[in-house]
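**Q** First to last, the sequence lines map onto chains A and B.
Going by full-length UniProt numbering, the letters in the first sequence line up with residues 1 to 302, in that order.
Going by full-length UniProt numbering, the letters in the second sequence line up with residues 1 to 283, in that order.
My structure is below; once you've seen it, I'll send some questions.
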Amino acid sequence: MSVPAAYIPRPGDSLARQERRFALALLAPALLVLLVTTTAPLFYLAWNSLNRIDLGMPWLSGFAGLGNFAKMGSDPRFWNSLWLTLVYTGSTVVLQVLIGLSLALLVLQIPKGQGVLRVAAILPIVLAPVVVGLFWRTLVLSPEFGLVDLVTRSLGLGSHNWLGDPQLALVSVIAIHTWQWTPFAFLVLLATLATLPPDVYEAARLDRASAWQRFRHITLPLVRPAIMMVVIMRMMTALSAFAAIFAATGGGPGSSTEILNLYAYRTSFTELNIGYGASLAMVLLGITLAVSYFMFRLRRAR
Amino acid sequence: MSPASRGAPLRRLLLWMGAGVLLAVWAFPVVWGLLTSFKTERDVLAYPPVWLFTPTLDNYREVIFGTSSILPNLWSSIVVSSASTLLTMLFAVPAAYAIARLRYPGKRASGFYVLATQMLPPVGLIIPYYLVLQKTGLLDSYSGLTAIYLTFSLPFAVWLMVSYFEDVPFEMEEAALLDRAGRMRTLWYVILPQVRGGIAVTTVFVFLNAWNEFLFAVVLGGNRVRPVTVAMFNFISVEQTQWARLAAGAMLAMAPVILIGLFAQRHIVKGLTVGAVKGGGRR
């Protein structure tokens, strides 16, 4: 990084002006890159969503106005994907926070060995979601051979096609996502819990507050900001989840695990209906922005 | 808090057992994958699973030197991840410094803009990228994929770095500026050394995210540029899955992130919490 002469203080140059110019010089490259890589494509996406672009039937291409969006109204696959997105996001986030918080509270009680668990918790987080999806599909959930089947069969519950049965498939992909990201909630909440002042608990104990009362009235309010942040971040991840489901089920069987993300992908790159795919992506974008706006407002209100 | 010290022995035993189960559940894919990668296909399919077997290096030999070698894919991953990480840090660190420490008009707006770009769903961006790269002939190219990885890594890196810059006491800057050290020299010699740890953590995160990326790689890559995350699918086909080879390939593909994760684990936890508590990063 070279230093242009302009940033060396010159007589008559007020410090504030100098600071502004310096800030601009530092920011400009990053903002320019973001403009080119995110904002420009966004406008292009919005334009595409208003057009009929079907690589399978190129002769039908042209301006469609809001036609793509109107089409969604009578598209059962769209409503299904929307519903699945809500179920997937809602259930994984709730599970991650509940399990993560419980585990953090439990592990906090262990005097030694927390370090080992923290290392183990890192493993799922750093693994590529696509590899996680493949691992679960092959080694954990495959019938007659996977680990889960091994357990259910030895318990006399029989063998199940976990990813081939429409209802079990949804449960399975939710389980995969929860497995991979609960350690994140666990680590963040464990770190937050570890910073809580012990004297408050001592005082509460002297006042004969029960364990539940201590949790409800001391712990929960203190970790609430961290929980909110975990919820926001995990919602973003769940809304853009793709690779693990793609690897485990590909959205199937049928469209039983086809969240909006996968529907937009399949429409655009399998069925080559790019215009409609773009409009589906716009809906997903709208949901993501609405959710994050709402969550951030909720967070500030607290 | 030291509730366990006065806990009953039974309670403590249950806690330890719970911790053991947790450990097993989280470490499972890595351990099981490692075991599987040394098995023969016959041992893999054995029921009940065999724990004692004669380890073989055949799977590794195959995925490294054989017809389904993933060396080219590892190379793709290394090039794209390293290049995009380098570019990201080059752009992100100065920008984060400005957002965290300097006064300028539009400060809030610029910070919010960076945050908002992080909310864009990748599947939405991939459609315009595909069309543009197709028109410019950059599909299946290193430069195309590298540039596009910036979309998710740059906003993330900026926000993580902002939280590290904010931790540096303001007095340090003031003292240096009063000595007429100049803005650039102050940043370079006084502030940057203070956030070295943060830069390291952010670099690790950005690299991990790039290495693990799949959606952009599968749509915008191809035969020439095919990162390992995409190459894993070579071992799976409708007729037959090559379990042991898949495991060996996955182990090679995951070795860098597992090693980084283990070595940098303390810093990763800190990075996760910094991001979470202050509202920065997403992953």
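For every residue, glycine included, the Cβ atom is placed at its ideal position computed from N, Cα and C.
Smallest Cα separation from M295(A): which of N273(A), L284(A) and V230(A)?
**A** When only C-alpha atoms are compared, the closest one is V230(A).
**Q** Can you tell me the Cβ-Cβ gap for L95(A) and T178(A), rounded? I've got them flagged as a contact below 8 Å.
**A** With 8 Å as the limit, L95(A) and T178(A) qualify as a contact, their Cβ atoms being about 5 Å apart.
**Q** Going by CA-CA distance only, name the one from A231(B), L262(B), R101(B) and I191(B) that's closest to A247(A).
**A** That would be A231(B), whose Cα lies nearest to the Cα of A247(A).
**Q** Below 8 Å CB to CB, which residues in the same chain sit around Q85(B) once its five sequence neighbours on both sides are set aside?
**A** Correcting the residue identity first, residue 85(B) is Thr in this sequence and not Gln. Once the five neighbours on either side are set aside, the close Cβ partners of T85(B) are S153, T203, V206, F207 and A210.
**Q** Using the rule of at least 16 other Cβ atoms within 10 Å of the residue's Cβ for burial, across every protein chain shown, is N223(B) buried or exposed?
**A** N223(B) comes out exposed.
**Q** Do M72(A) and S256(A) have their C-beta atoms closer together than 9 Å?
**A** The answer is no: Cβ separation not under 9 Å.
**Q** Kindly give me the distance between the Cβ atoms of A95(B) and E166(B), rounded to whole angstroms, as I take these residues to be in contact under 8 Å.
**A** In fact, because the Cβ distance is near 14 Å, the residues do not count as touching under 8 Å.
**Q** Could you name the residues of the stretch 86-104 of chain B whose beta carbon sits closer than 7 Å to any beta carbon of chain A, in the order they occur along the chain?
**A** Those would be F91, A92, P94, A95, Y97, A98, L102, R103 and Y104, in chain order.
**Q** What three-state label does DSSP hand R52(A) in the structure shown?
**A** Looking at R52(A) - three-state DSSP - the assignment turns out to be strand.
**Q** Do you know whose CA, among A238(A), G113(A) and I99(A), lies nearest W16(B)'s CA?
**A** Nearest of A238(A), G113(A) and I99(A) to W16(B), Cα basis: G113(A).
**Q** Who does G62(A) pair with in a DSSP beta bridge?
**A** According to DSSP, G62(A) bridges with R52(A).
**Q** Would you list the residues sitting across from T241(B) in a DSSP beta bridge?
**A** DSSP lists I236(B) as partners of T241(B).
**Q** Alpha carbons only, please: which of L84(A), I274(A) and V291(A) is nearest the one belonging to M236(A)?
**A** Selected option, being the one with the closest Cα: V291(A).
**Q** Given that a residue counts as buried once 16 or more other Cβ atoms are within 10 Å of its Cβ, and exposed if not, what is K135(B)?
**A** By the 10 Å Cβ count, K135(B) comes out exposed.
**Q** Check V212(B) in the structure and name its three-state DSSP category.
**A** Checking the displayed sequence, the identity of residue 212(B) turns out to be Asn instead of Val. Looking at N212(B) - three-state DSSP - the assignment turns out to be helix.
**Q** Confirm, please, whether the CB-CB distance from N59(B) to F245(B) is below 9 Å.
**A** The displayed chain sequence assigns Arg, not Phe, to residue 245(B). Contact flag set, yes.
**Q** Along the alpha helix (DSSP H) that carries S77(B), what are the first and last residues, could you check?
**A** Note, S77(B): alpha helix (DSSP H), L71 to R101.
**Q** Please state if the CB of Y88(A) and the CB of I287(A) are separated by a distance shorter than 9 Å.
**A** Not a contact, by the Cβ cut-off of 9 Å.
**Q** If the cut-off is 8 Å on Cβ atoms, which residues from the stretch 265-288 of chain A count as contacting chain B, listed in chain order?
**A** So the close ones are Y265, S268, F269, I274, G277, A278, A281, M282, L284, L285 and T288.
**Q** As a quick exercise: from L26(A), A226(A) and Y44(A), pick the residue whose alpha carbon is nearest that of Y129(B).
**A** Among L26(A), A226(A) and Y44(A), the Cα nearest to that of Y129(B) belongs to Y44(A).
**Q** By the criterion of Cβ-Cβ separation under 9 Å, what are the contact partners of N161(A) in chain B?
**A** Simply none; closest approach about 15 Å.
**Q** Thinking C-alpha only, which one of L26(A), V132(A) and S268(A) is nearest I245(A)?
**A** Residue V132(A) is the option with its Cα nearest to I245(A).
**Q** Of all Cβ atoms in chain B, is any one closer than 9 Å to the Cβ of N51(A)?
**A** Not closer than 9 Å to any Cβ of chain B, the Cβ of N51(A) fails to qualify, so no.
**Q** For V162(B), which residues in the same chain have their Cβ closer than 7 Å to its Cβ, ignoring the five residues on either side in sequence?
**A** Around V162(B): A96, I99, A100 and G280.
**Q** Could you check whether the Cβ of Y113(B) sits closer than 9 Å to any Cβ belonging to chain A?
**A** At least one chain A Cβ lies under 9 Å of Y113(B).
**Q** Contact defined as beta carbons within less than 8 Å: I believe R118(A) pairs with V269(B). What is the distance between those atoms, to the nearest angstrom?
**A** Their Cβ separation, rounded to whole angstroms, is 6 Å, which keeps R118(A) and V269(B) in contact under 8 Å.
**Q** List, in chain order, every chain A residue whose beta-carbon is nearer than 7 Å to that of G261(B).
**A** Under the 7 Å cutoff, chain A gives I122, L123 and V126.
**Q** Please list the partners that S110(B) has in chain A, where partner means a Cβ-to-Cβ separation under 8 Å.
**A** Neighbours of S110(B) on chain A, chain order: L27 and L31.
**Q** Specify whether the stretch 184-201 of chain A and the stretch 95-104 of chain A touch according to this definition: at least 3 beta carbon pairs, one from each stretch, less than 8 Å apart.
**A** Counting Cβ pairs under 8 Å, three or more are found: they touch.
**Q** When you compare the stretch 36-45 of chain B with the stretch 243-259 of chain B, are there three or more beta-carbon pairs, one atom per stretch, that lie closer than 8 Å?
**A** Yes, the stretch 36-45 of chain B touches the stretch 243-259 of chain B.
**Q** Could you please give the first and the last residue of the uninterrupted alpha helix (DSSP H) stretch that includes K39(B)?
**A** That residue, K39(B), is in no alpha helix (DSSP H); it is neither H nor E in DSSP.
**Q** Should Q167(A) go down as buried or exposed, given a rule of 16 or more other Cβ atoms within 10 Å for buried?
**A** Q167(A) comes out exposed.
**Q** Is the beta carbon of L252(B) sitting closer than 9 Å to the one on I78(B)?
**A** Contact: no.
**Q** Rounded to whole angstroms, what is the Cα-Cα separation between F242(A) and W188(B)?
**A** Between F242(A) and W188(B), the C-alpha separation is close to 40 Å.
**Q** Do F214(B) and P129(A) have their C-beta atoms within less than 9 Å of each other?
**A** Against a cut-off of 9 Å, the Cβ pair of P129(A) and F214(B) comes out as a contact.
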